[in-house]
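Asker: Chains as they are written, first to last, in my numbering: chain A, 1 to 512; chain B, 513 to 1004.
Heads up, the beta-carbon is just placed ideally off N, CA and C, and yes, glycines get one too.
No experiment lies behind these values; they were computed from the predicted model shown.
Below is a structure I'd like to ask you about.
Now the structure itself:
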């Protein structure tokens, strides 16, 4: 600075000097400030991870642009609105919604859970969901064992309805204001700079509140649904929100249509050699289109989606494989061998030769509802009016959706990683494989979802425990709309096999 | 000298810059506002695709800017109504024939004239969808009656949106920016030119369309339009009167059957001379103005006439009891053939003889025909045109593909063929139109299930123009004979 003024002093002509000073104050300094502000506010930088699995857990889909929570708002919301979270017991914050926190190398808890990504956009660090939030979970071999994180498995503990409700309720809460949030940020160690503290965050809080409240009408219907509980989402009623369908005027039989989160492994085999009918009702045969459709759930829009980063996830799920049952529990190989021919006779033509070989005449194809007989709400939620509208998504882009089709049944799925895909049927209405092999009348009428302790005997998660360590599990009542546990029964579905045969079959299914 | 030289150089330089800026500006204006681009190749890949998605030139004056069209149902979903009920589903709520995977419904055309615009072609009212059962997907039959399309609903919807104060650049642009990434020029154009002009143009329609808002007239409902009043109020700008003549969207396949020399006339009341005239007048209705490119327009009409003349009527796709149908043929020959398979077919039958609702007849007249012909002539378009005579009754229908032309009678007041064989007093008084599940027993569409009532529009035959009386022919046959006759009608 001295040098500058020194050189100004050296300018002999007073007019010239005055001119230079004027120039500095009116042009140069504002420009420097302008460039600094520009630099501060125009960036668009996601946090990236070199490893594909880290990217899957924490990488961005681009959803933060439209839906991102400013980082410190995300961090403080659970403390601002604890009353809108489920009673957590030993778990608190987002963990009470079944989100999973990994540990840092130093043993401390990571700042954001698996399934969330960070991106600095318009000068604010933002957080939102990615694919992993619905497609990652934990499994424990026993209550006292440590949990193993499994990427690509259905997020059996994540309560997405609870998450949405929390988000809307908290934003509407009187405490969702800078007077409460800023001190909480400070308490949690957020060292906001002056600009953030006095400008960015107060404005961000106000904007977020406005935007959430403006969106609330579109999500009102969620509050009126039977609880989905952990591990389930009403996929295609949610898809209607993209088009702002007036949800209160839907045919009531389209509503209450929760479906289990699917697993994401071995996508290549769902694409090649023959494209399978994807989604529970098989309404799309294109993996990439299905992926972009699911990405709406992570807040993406056609102009803001981050295709390069989604592509990394797509590449990874092509050949990702599930963990093996035998790495957690022993398998009776002799018994499993006895189950193999039963599987071949009863299951293989619809579900594939094995957990890694998906050949079979009917694999990946829709079976008419009258034949499969499972709960019809998920099917009916996918209305033909929605199917035609979906063909307008990504209009103007080369990847406009062209494959969505109304079907009239449910698709036969390959069974890779079957043991981790409990509870079973599209609506997760049957807790274990053993129960699924019983006729519907003998399947549990009610059971508990959301426990990550595995029941190796019956092949499913522990479903008879209402509460553990202060955490209440979700009681699924199969008599409620959308929860029906009927169907997939009768002789051809193996429900008339003997108890011995069923046990052998289950043992074989553990090898998938 | 040198000062003058400088001034001149400056002046020249400025002039050159101004000219360059002007040329660039004009080019951008032309390129983004008016430059016409052909539709992509897939549109004209087959005649059927061309019929469904090919432009007939309506985008110039009647076109809605694509992105406005795109976002309206997201911004104003509550205005998509039928019978006073809000129906979810975007434009699909209006029953437009929409093939899965297609960006736009059949009968909606997308063409870039400076910017992408959406307009309609014949297929919007002349594509039939039918389903074998509620658990099946529709089959699309081009050239058939658009029995599901709620045309009046669509007219009203666009105007209702434009009337809403939320139809403004801020709200529309916010939604558009959520679905696409327009460049700066398009953003500016949309915000400052396209959106305000579209709003203004749609609001201008309100006065012209006043009669579609009349509370004393029933809704047209799905699959019908008040065709001749459309012509009266749009083409010849006649003052509004109290007539109301809603009619079924007709099928337009196999038009070669109409032979003018044999006295065949077209339109329900025989008010138009021949296919060429009907196609041209209907197309003008879609254009909403004189064609921007007359040569192209005449070419489109010619293509349509050739395509539709040769387009065969669809065969009944479900099983037919051949023996029963054969027996039915003798009943047909005895009871129906003298009108429907004779020299009388395609000619006008006096109202007193057929006895059906007179609303449609009263909605048109000789004077209007003379004026309309004059208007078209002044556009420099050649056609035989509308019949400049007093109308006396309704045209005896050709029955090719009759199985798919339900509901029946010119005003679509009788749901099925089997119902039509009942005396008027025993025909359904209230039913629901525009549901596309087929009723193989009664031959027509299902009109009274819960789904039919939810998806279709209510048709009350006691409403204006909706009378289901008349054509009481064959109504005294026995129930068995009627069933047999209907079985035969499936074969036509």
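For the pair the region 838 to 854 of chain B and the region 922 to 932 of chain B, tell me if three or more CB-CB distances fall below 8 Å.
Answerer: Contact between the region 838 to 854 of chain B and the region 922 to 932 of chain B is absent, because fewer than three Cβ pairs lie under 8 Å.
Asker: Beta carbon of residue 52/A, beta carbon of residue 366/A: below 9 Å?
Answerer: no
Asker: Could you check the C-alpha separation between residue 908/B and residue 916/B for me, to the nearest Å?
Answerer: 17 Å
Asker: In angstroms, rounded to a whole number, what distance separates the CA positions of residue 87/A and residue 96/A?
Answerer: 7 Å
Asker: From residue 778/B to residue 733/B, what distance separates their C-alpha atoms?
Answerer: 23 Å
Asker: Is it right to say residue 725/B is buried, meaning 16 or more other beta carbons lie within 10 angstroms of its own, or is it exposed?
Answerer: exposed
Asker: Taking only the alpha-carbon atoms, compute the straight-line gap between residue 431/A and residue 651/B and give it to the nearest angstrom.
Answerer: Per the coordinates, the alpha-carbon of residue 431/A lies some 40 Å from the alpha-carbon of residue 651/B.
Asker: Does the CB of residue 551/B have a neighbour CB from chain A at under 9 Å?
Answerer: Closer than 9 Å to the CB of residue 551/B there is not a single CB belonging to chain A.
Asker: Helix, strand or coil: how does DSSP classify residue 409/A here?
Answerer: In the structure shown, residue 409/A falls within a strand segment according to DSSP collapsed to helix, strand and coil.
Asker: Which of the residues in the region 744 to 776 of chain B, read from start to end, lie with their CB under 8 Å from any CB of chain A?
Answerer: None of the residues of the region 744 to 776 of chain B has a beta carbon lying less than 8 Å from any beta carbon of chain A.
Asker: Does the beta carbon of residue 571/B sit closer than 9 Å to a beta carbon anywhere in chain A?
Answerer: no
Asker: How far does the beta strand (DSSP E) with residue 120/A in it reach, from first residue to last?
Answerer: 116 to 121
Asker: Under 9 Å, CB to CB, which of the residues in the region 394 to 407 of chain A have a partner in chain B?
Answerer: 394, 395, 396, 397, 400, 401, 402, 403, 404, 405, 406 and 407
Asker: How big is the Cα-Cα spacing for residue 476/A and residue 957/B?
Answerer: Residue 476/A and residue 957/B: Cα-Cα distance of roughly 41 Å.
Asker: Within the 9 Å Cβ cut-off, does residue 648/B reach chain A?
Answerer: yes
Asker: Could you tell me the boundaries of the beta strand (DSSP E) in which residue 137/A lies?
Answerer: 136 to 139
Asker: Is the beta carbon of residue 121/A less than 9 Å from the beta carbon of residue 44/A?
Answerer: yes
Asker: Whole angstroms are fine: how far does the CA of residue 501/A sit from the CA of residue 336/A?
Answerer: In a straight line, the C-alpha of residue 336/A is about 10 Å away from that of residue 501/A.
Asker: Quick check on the DSSP output: the beta strand (DSSP E) that includes residue 944/B runs from which residue to which?
Answerer: 942 to 945
Asker: To the nearest angstrom, how far is it from the Cα of residue 461/A to the Cα of residue 93/A?
Answerer: 24 Å
Asker: Quick check on residue 1029/B: does DSSP put it in helix, strand or coil?
Answerer: Nothing can be reported for residue 1029/B, as the shown portion of chain B is limited to 513 through 1004.
Asker: Note the first and the last residue of the continuous beta strand (DSSP E) segment covering residue 16/A.
Answerer: Note, residue 16/A: premise wrong, no beta strand (DSSP E); alpha helix (DSSP H) at 14 to 23.
Asker: Taking C-beta to C-beta, are residue 620/B and residue 545/B nearer than 9 Å?
Answerer: no
Asker: Using three-state DSSP, classify residue 597/B as helix, strand or coil.
Answerer: strand
Asker: Between the Cα of residue 846/B and the Cα atoms of 973/B, 858/B, 988/B and 864/B, which residue gives the shortest distance?
Answerer: 988/B
Asker: By Cβ distance, which residues of its chain are closer than 6 Å to residue 513/B, with the 5 residues on each side in sequence left out?
Answerer: Reliability of the predicted coordinates at residue 513/B is poor, the pLDDT of 49 falling under 50, and no value is obtained from them.
Asker: Given residue 602/B, which residues of its chain have a CB within under 6 Å of its CB, disregarding the five upstream and five downstream residues?
Answerer: 585
Asker: Along the region 287 to 316 of chain A, where does the CB come closer than 8 Å to a CB of chain B? Name the residues.
Answerer: 301, 302 and 303
Asker: Chain A beta carbons: is any one of them nearer than 9 Å to that of residue 602/B?
Answerer: Chain A has a Cβ within less than 9 Å of the Cβ of residue 602/B.
Asker: Using the Cβ count rule (16 or more neighbours within 10 Å means buried), how would you classify residue 892/B?
Answerer: exposed
Asker: How do the region 347 to 354 of chain A and the region 547 to 562 of chain B stand: do at least 3 beta-carbon pairs fall below 8 Å, yes or no?
Answerer: no
Asker: Based on the DSSP secondary-structure assignment, which residues constitute the bridge partners of residue 109/A?
Answerer: 103/A
Asker: Excluding the 5 residues flanking residue 390/A on each side, which residues of the same chain have their C-beta closer than 8 Å to its C-beta?
Answerer: 239, 293, 401 and 404
Asker: Any beta carbon of chain A sitting closer than 9 Å to that of residue 986/B?
Answerer: Chain A, which has no Cβ nearer than 9 Å to the Cβ of residue 986/B, makes this no.
Asker: Strictly below 9 Å CB to CB, what residues from chain A border residue 690/B?
Answerer: 66, 301, 302, 303 and 304
Asker: Please work out which residues of its chain come closer than 7 Å, Cβ to Cβ, to residue 168/A, disregarding the five sequence neighbours upstream and downstream, and give them in chain order.
Answerer: 212, 216 and 219
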